[in-house]
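Novice: Dropping the structure in here first, questions after.
Following this line, the structure appears as structure tokens:
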């Protein structure tokens, strides 16, 4: 079978300090997107510019950690950002500048779906984007820990309440929208059922 001749669409900045993982992400993503690699947080900040469509960050990197990189990037741009980490997510991610959180180990499919989602977020207004970003971060927490450990956590409850309050508005906007892209349709199906 011949390789897909479709040119890459968008540029993804991947910051990962482990060389093997960095190369693996390049291989996984390189057929569909242009990939710009950074080996630490400092390099990620230097390599970020307006050509970047989405960012994947390791949490624990030398020089500048992923959370600080995300904060720096978000101060410059609304570019969507996902954290990939071996750390179990805590409610801290709910108020941070992340749009998604992936727990290692990850698969090629998981990373590709995450990038599709990040790119879909770029097309949403701030209300819809907030709804999906909070939903994805809550999903990451609940998949790793379940909802019970966080039931009494005010940050967790505020995020759940915010998602509930945005839900009706998001559903209304979706009903009024023209035919959404497959990525947007997948997000809608997953988070508005």
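Residue numbers (my numbering): 0 to 192.
Note that CB positions come from ideal geometry on N, CA and C, so glycine has one too.
Bear in mind the structure is a predicted one, so any value in this text is a computation, not a measurement.
Taking the alpha-carbon of residue 167 as reference, which of 150, 127, 149, 86 has the nearest alpha-carbon?
Specialist: If we check each option's Cα against that of residue 167, 127 comes out closest.
Novice: Quick one: residues in its chain with C-beta nearer than 6 angstroms to the C-beta of residue 132, no 5 flanking neighbours on either side, listed in chain order?
Specialist: Correct list, in chain order: 98.
Novice: Give me, in chain order, the residues of the same chain whose beta-carbon lies closer than 8 angstroms to that of residue 39; leave out the 5 immediate sequence neighbours on both sides.
Specialist: Excluding residues within five positions, the ones whose Cβ falls inside 8 angstroms are 14, 16, 60, 61, 62, 63.
Novice: Using DSSP bridges, identify the partner residues of residue 72.
Specialist: Note: residue 72 sits in no beta bridge, so no partner.
Novice: Tell me the DSSP secondary structure of residue 127 in three-state form.
Specialist: Looking at residue 127 - three-state DSSP - the assignment turns out to be helix.
Novice: Within the region 60-117, note down every full beta strand (DSSP E) run reaching 3 residues or more, in order along the chain.
Specialist: Complete beta strand (DSSP E) runs here, min 3: 80-84, 99-102.
Novice: Please return the same chain residues whose Cβ sits closer than 7 angstroms to the Cβ of residue 27, not counting the five positions on each side in sequence.
Specialist: Contacts found: 107, 110, 111.
Novice: How long is the line joining the alpha carbons of residue 154 and residue 140, rounded to whole angstroms?
Specialist: Their Cα atoms are separated by approximately 12 angstroms.
Novice: Could you tell me if the beta carbon of residue 134 falls within a distance shorter than 7 angstroms of some heavy atom in the ligand SAM?
Specialist: For the ligand SAM, the structure offers nothing, since it holds no ligand at all.
Novice: Can you list, in chain order, the residues of its chain whose CB lies under 8 angstroms from that of residue 33, leaving out five sequence neighbours each side?
Specialist: So the qualifying residues of the chain are 7, 9, 10, 11.
Novice: Determine which residues share a DSSP beta bridge with residue 33 and list them.
Specialist: Answer is 10.
Novice: Taking C-beta to C-beta, are residue 83 and residue 47 nearer than 8 angstroms?
Specialist: Not closer than 8 angstroms, so no.
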